[in-house]
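Notes for the one structure printed next.
Residue numbers (my numbering): 16 to 98.
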């Protein structure tokens with residue numbers, strides 16, 4: 016993120032949320048979750064506050080671009096690079 020001059024933050028999904036990556040992690044397959052949620056996600060997600068206008072489209076695009084570049088870099092490395 017620093018190299019791409021993109022903002023980066025970390026927010027836990029612990030609690031009532033889950034991600035598709037959890038099923039992989041459950042069987043010890045490395046996985047990563049990219050999301051655009053803040054630590055206040057529980058105040059919005061699946062509540063009456065969960066509205067389309069809360070989505071910041073430019074940030075969704077930036078997250079997509081970051082994930083695409085990140086995954087491309089992973090794909091170019093050998094498996095040994097991650098052991």
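Every residue gets a Cβ at the ideal spot worked out from N, C-alpha and C, and that includes glycine.
Can you find the residues in the same chain that come closer than 8 angstroms, C-beta to C-beta, to residue i, ignoring five residues on each side of it along the sequence?
{"i": "residue 27", "result": "54"}
{"i": "residue 40", "result": "46"}
{"i": "residue 75", "result": "51"}
Within this structure, are the beta carbons of residue i and residue j separated by less than 8 angstroms?
{"i": "residue 34", "j": "residue 48", "result": "yes"}
{"i": "residue 97", "j": "residue 16", "result": "no"}
{"i": "residue 36", "j": "residue 24", "result": "no"}
On a Cα-Cα basis, can you pick out the residue from the options that is closest to residue i?
{"i": "residue 32", "options": "78, 60, 86 and 77", "result": "60"}
{"i": "residue 52", "options": "83, 84, 38 and 65", "result": "65"}
{"i": "residue 19", "options": "90, 78 and 89", "result": "78"}
{"i": "residue 71", "options": "50, 90, 44 and 93", "result": "50"}
{"i": "residue 22", "options": "73, 94, 92 and 63", "result": "73"}
So, at 6 angstroms on beta carbons, what are the nonlocal neighbours of residue i in its own chain, with the 5 sequence-adjacent residues on each side left out?
{"i": "residue 38", "result": "none"}
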